[in-house]
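Going letter by letter, the sequence shown gives residues 147 to 420 in our numbering. Right, one structure below, let's go through it.
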Amino acid sequence: MTDRPLKYEARKNLQPLEQALAAAGIASAKSDARCLLGLALGRDMPVLPHEDIAPLTEAGEARLAALMTRRLAGEPISRIRGWREFWSLRFSLSAATLDPRPDSETVIEAALGWAGTIVRDDHQIGRQIGREGVRDGERDGRLRPPALRCLDLGTGSGCLLLALLSEMPNATGIGIDINPDALVTAVENATSLGLADRAEFICHSFADDLGLLGMFDVILSNPPYIPTRDIDDLAVDVKSFDPALALDGGGDGMACWQGLLPRLAAVLKPHGAA
């Protein structure tokens, strides 16, 4: 008869991890400890204190020590595990992509709010063509969600474009980025989210001719906006792990916007929003 390894509550492992992280001034010590222990155990999800787990193997202990070293050095959990949840979707990250922040979800909310007015306008048209058309929306294309075309400037991981497309099943989009490595990650995310057939990613800089990309209903962007002089004052998890290209907005932080804004009208459809 083979003896099974003894199991015990995970809190036995979690407590010293939490203490070490808290002592280093990490505010998210509790949740970080749960994530790191999960990764050491080969799991994708956090370990809860009441869970029964088997003792870590020697290899598991080594993995946990390496993970703790990275976190204590300021590397964020999202970088350590290689992905971030954004708009309830999982986005893989790479050294070439910005780590998406929750406050960027307001961009998606604004775009969807605008798109909602377009849908309501379409339904108003439908009511005007008679009750039969309204009862059977499939009989008239004007009653379907509009096939909007979206552009994401500086797409990075593709999170803005892909989150928007996930909510708009008739929409398509293009994401551009100057960094080809970021585009590799964006394509991977589009594929994993089942959106690759509606999203295209192109290596294109803000200075290139945007008119080559066509006309768009929606233009999204979260370009670099931090003044160069402020970069060194950013938190370690930002300045040491997010790509400088995605952070540095020039002398006053407005360099990208000043170059982009005058050119958007040339690629924005008359009824569009940016």
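Quick reminder that beta carbons are idealized off the backbone N, C-alpha and C, glycines included.
Only counting the same chain, and skipping five residues up and downstream in sequence, which positions put a Cβ closer than 6 Å to that of residue i?
i: alanine 168; result: Ala175
So for residue i, helix, strand or coil by DSSP?
i: isoleucine 199; result: strand
i: arginine 409; result: helix
i: isoleucine 324; result: coil
i: glutamine 274; result: In this predicted model, glutamine 274 has a pLDDT of only 35, less than 50, meaning its place in the structure is not dependable; the value taken from the coordinates is given anyway. Helix, per DSSP.
i: alanine 419; result: strand
i: glycine 283; result: For glycine 283, the predicted model reports a pLDDT of 40, less than 50, meaning its position is unreliable; a value from the coordinates is still stated below. In this structure, glycine 283 counts as helix in the three-state DSSP scheme.
i: methionine 125; result: In this structure the chain extends from 147 to 420, so residue 125 is not present and cannot be described.
i: leucine 380; result: coil
i: threonine 252; result: helix
i: serine 174; result: coil
i: arginine 189; result: coil
i: threonine 243; result: coil
i: alanine 179; result: helix
i: alanine 205; result: helix
i: leucine 339; result: coil
i: alanine 212; result: helix
i: glutamate 106; result: Since the displayed the chain opens at 147 and closes at 420, residue 106 lies outside it and no answer follows.
Have a look at the DSSP bridge pairing and note the partners of residue i.
i: glycine 319; result: Cys296, Ala345
i: phenylalanine 237; result: Arg230
i: leucine 414; result: Phe362
i: glutamate 155; result: Asp198
i: aspartate 394; result: Ile372
i: serine 312; result: Answer is none; serine 312 lacks a bridge partner.
i: serine 367; result: Leu299
Kindly give me the distance between the Cβ atoms of residue i and residue j, rounded to whole angstroms, as I take these residues to be in contact under 8 Å.
i: threonine 374; j: aspartate 394; result: 5 Å
i: proline 369; j: leucine 299; result: 7 Å
i: alanine 309; j: leucine 235; result: 6 Å
i: glycine 399; j: isoleucine 372; result: 6 Å
i: arginine 227; j: leucine 294; result: No, arginine 227 and leucine 294 are not in contact; Cβ-Cβ is about 33 Å, not under 8 Å.
i: leucine 210; j: leucine 183; result: 7 Å
i: proline 222; j: phenylalanine 362; result: Proline 222 to phenylalanine 362, Cβ: 33 Å. No contact.
i: arginine 180; j: leucine 160; result: 6 Å
Between the options, which has its C-alpha nearest residue i's C-alpha?
i: serine 351; options: Leu339, Met314, Ser338, Ala328; result: Ala328
i: glycine 340; options: Pro315, Asp354, Asp323; result: Pro315
i: glutamate 231; options: Thr203, Ser303, Ala208; result: Ser303
i: leucine 359; options: Tyr371, Asn368, Ala390, Gly321; result: Gly321
i: valine 253; options: Leu311, Ala242, Arg216; result: Leu311
i: methionine 214; options: Ser240, Glu164, Glu255, Ala256; result: Glu164
i: leucine 307; options: Asp355, Val384, Gly262, Ala257; result: Ala257
i: arginine 409; options: Leu356, Ile372, Ser386, Asp323; result: Leu356
i: glutamate 255; options: Val413, Leu366, Asp379, Met191; result: Leu366
i: cysteine 305; options: Thr331, Asn325, Ala317; result: Thr331
i: proline 326; options: Ala411, Ala336, Ala392, Ile348; result: Ile348
i: alanine 390; options: Gly262, Ala241, Gly171, Glu313; result: Ala241
i: leucine 297; options: Gly262, Leu160, Ala381, Leu414; result: Leu414
i: glycine 405; options: Asp354, Thr337, His417; result: Asp354
i: aspartate 383; options: Arg225, Ala156, Ala208; result: Arg225
i: glutamate 334; options: Glu251, Ala401, Phe237, Asp249; result: Phe237
i: isoleucine 324; options: Ser250, Leu380, Thr301; result: Thr301
If I measure Cβ to Cβ from residue i and keep anything under 8 Å in the same chain, skipping five residues before and after, which residues do I get?
i: tryptophan 260; result: Val364, Ala419
i: leucine 187; result: Val193, Ile199, Leu202, Gly206
i: leucine 239; result: Ser224, Arg225, Gly228, Trp229, Arg230, Asp245, Ser303, Thr331
For residue i, which residues of its own chain have a beta-carbon under 7 Å away from its beta-carbon, when the five flanking residues on both sides are left out?
i: lysine 153; result: Asp198, Ile199, Ala200
i: aspartate 178; result: Leu167, Ile172, Arg217, Ile223
i: alanine 156; result: Leu183, Val193, Leu194, Pro195, Glu197, Ile199
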